[in-house]
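What follows is a short report on a single structure.
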Amino acid sequence: MPTSSRLYLNLYWHMHQPDYRDLSTGEYVLPWTYLHAMKDYSDMVYHLEQNPKARASFNFVPILLEQLVDYSEQFSTGKLRDPLLALLVEPDLENISPEQCRLIVESCFKSHHEKMLSPFPHYQRLLQLFQLIEPVMENNDFHYLSAQYKADLLVWYHLAWCGESLRRENKLIQHLMQKGLLFTLEERQQLLDVIGTTIKNLIPRYKKLMEKGQVELSTTPYYHPILPLLLDFTSTKDAMPDAPLPEHARYDDGVNRARAHIESARKYHQELFGSLPKGMWPAEGAVSHAALSLLAEHGVQWA
């Protein structure tokens, strides 16, 4: 008689952004952490909230969580260290520097045009206007771009990065997308408030789902290191037998560094979510017997 069998499917989502901060100033040099937070990370938790029977596992790399906490503090204090966010609510866009103008035009068309720009006629029009004047902007002369143009471009860039859940549920986002142009400073400030609230609520929302037993949350060694290489360069040969190795025999103090990454990741996860993670996503999926053994020594039950 054939025996019955059951198939288990585990949906496991890996959330990771590298540290985009300038270590000397604390300012962000790229906006990807907060943009993905207001689009992808907020949509993911929304789907689970809307479908209580759904189950999934989420992995949060500590350096991503650290930046989400940092952004939350920026929104709470009003002291923005992300230049693009600061420009979104800049009162005097007429007199910003050429470098700030360049940041706006170089950033605000940097998206997947087919999915994030083409569906919105007003956003398309902003791109078409820029393409018309770009050939005559010698020496990065941005005088053709009015303050209102810059305001509308900043708003549309952030509207395009809003997740589907924000477009469905948030009245301000719906109003701005319907209005389409001539955005005021007050509306830009309101948009910033929506972005801030969305990001500040992310960690508590995932924690609530974890406490309900609907999701499991795991972590990764703190700064996303390739753990097997910290322990032993020759582990490279397990996957790539012909790969050349570094001239140095080992990574200096690699074992202690690996331990520090694991321990600090588990500690920070507990600080934010209230419990130690049972699982750990190895950075870049890199595993070795020594790396898995080290995870086990630190109480990690699965990887």
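Sequential numbering from 1 applies to the sequence shown in my numbering.
In this text, a Cβ means the ideal position worked out from N, Cα and C, and glycines have one as well.
For residue j and residue i, believed in contact at Cβ under 8 Å, the rounded distance
i, j, result
"His-36", "Gln-17", "7 Å"
"Asp-82", "Tyr-34", "7 Å"
"Leu-272", "Ile-203", "6 Å"
"Gln-190", "Pro-52", "The pair is not a contact, with the Cβ atoms about 31 Å apart (cut-off 8 Å)."
"Phe-75", "Ile-199", "7 Å"
"Cys-101", "Leu-153", "About 11 Å separates the two Cβ atoms, so there is no contact after all."
"Leu-182", "Gln-128", "At roughly 17 Å, the Cβ-Cβ gap does not stay under 8 Å, so Leu-182 and Gln-128 are not in contact."
"Gly-163", "Asp-43", "4 Å"
Local conformation of residue i per DSSP, three classes
i, result
"Tyr-123", "helix"
"Ser-118", "coil"
"Val-215", "strand"
"Met-177", "helix"
"Tyr-28", "strand"
"Trp-161", "coil"
"Arg-6", "coil"
"Ser-107", "helix"
"Lys-39", "helix"
"Ser-264", "helix"
"Glu-90", "coil"
"Phe-75", "helix"
"Lys-53", "coil"
"Leu-227", "helix"
"Pro-241", "coil"
Reference residue i; option with closest CA among the options
i, options, result
"Gln-174", "Tyr-71, Leu-227, Leu-159", "Leu-159"
"Tyr-223", "Thr-234, Ile-262, Leu-231, His-248", "Ile-262"
"Glu-99", "Pro-91, Leu-84, Leu-176", "Leu-84"
"Leu-87", "Leu-103, Phe-75, Glu-73", "Leu-103"
"Gln-67", "Val-89, Asn-95, Gly-26, Gly-78", "Gly-26"
"His-248", "Leu-229, Arg-259, Met-240, Leu-132", "Leu-229"
"Ala-54", "Asn-10, Cys-162, Glu-94, Ala-296", "Asn-10"
"Ser-293", "Thr-234, Gln-270, Ala-265, Ala-258", "Ala-258"
"Ile-63", "Tyr-41, Asp-232, Asp-19, Ser-24", "Asp-19"
"Tyr-144", "Phe-120, Pro-119, Asn-170, Asn-95", "Asn-95"
"Val-105", "Glu-114, Gln-131, Lys-267, Pro-119", "Gln-131"
"Ser-235", "Val-287, Asn-256, Thr-197, Asp-253", "Val-287"
"Tyr-12", "Ala-56, Phe-142, Ser-111, Leu-126", "Ala-56"
"Gly-285", "Phe-142, Glu-134, Ala-239", "Ala-239"
"Lys-115", "Trp-161, Glu-134, Ser-5", "Trp-161"
Bridge partners - residue i, DSSP secondary structure assignment
i, result
"Phe-233", "According to DSSP, Phe-233 bridges with nothing at all."
"Asn-59", "His-14, Ser-218"
"Trp-281", "In the DSSP output, where bridge partners are listed per residue, Trp-281 has none listed."
"Arg-205", "According to DSSP, which records beta bridges pairwise, Arg-205 is partnered with nothing at all."
"Arg-21", "Tyr-28"
"Trp-302", "Gly-279"
Own chain residues within Cβ distance below 6 Å of residue i, not counting five before or after
i, result
"Ile-195", "Met-38"
"Tyr-123", "Leu-117, Trp-156"
"Arg-304", "What the structure shows of the chain is the stretch from 1 to 303, and residue 304 is not part of that stretch, so it cannot be assessed."
"Val-89", "Arg-188, Gln-189, Leu-192"
"Tyr-251", "Leu-230"
"Gln-270", "Leu-276"
"Leu-30", "Tyr-20"
"Ser-264", "Tyr-222"
Contact set for residue i: own chain, Cβ-Cβ below 7 Å, skip 5 residues either direction
i, result
"Leu-217", "Phe-58, Phe-60, Tyr-206, Met-210, Phe-273, Pro-277"
"Leu-185", "Pro-91"
"Ala-291", "Leu-227, Pro-228, Leu-231, Pro-282"
"Met-15", "Tyr-41, Phe-58, Asn-59, Phe-60, Val-61, Leu-64"
"Met-280", "Ser-218, Thr-219, Thr-220, Leu-295, Val-300, Ala-303"
"Gly-321", "For the chain, the structure presents residues 1 to 303; residue 321 sits outside this window and is missing."
"Asn-170", "Val-194"
"Met-137", "Tyr-144"
"Arg-266", "Thr-219, Leu-276, Pro-277, His-298"
8 Å CB neighbourhood of residue i in its chain, flanking five on each side removed
i, result
"Arg-167", "Ile-173, Gln-174, Met-177"
"Pro-246", "Phe-233"
"Val-45", "Leu-202, Arg-205, Tyr-206, Leu-209"
Heavy atom of the ligand FMN within 7 Å of residue i beta-carbon
i, result
"Asp-40", "In terms of ligand content, the structure shown is empty, and the ligand FMN therefore cannot be addressed."
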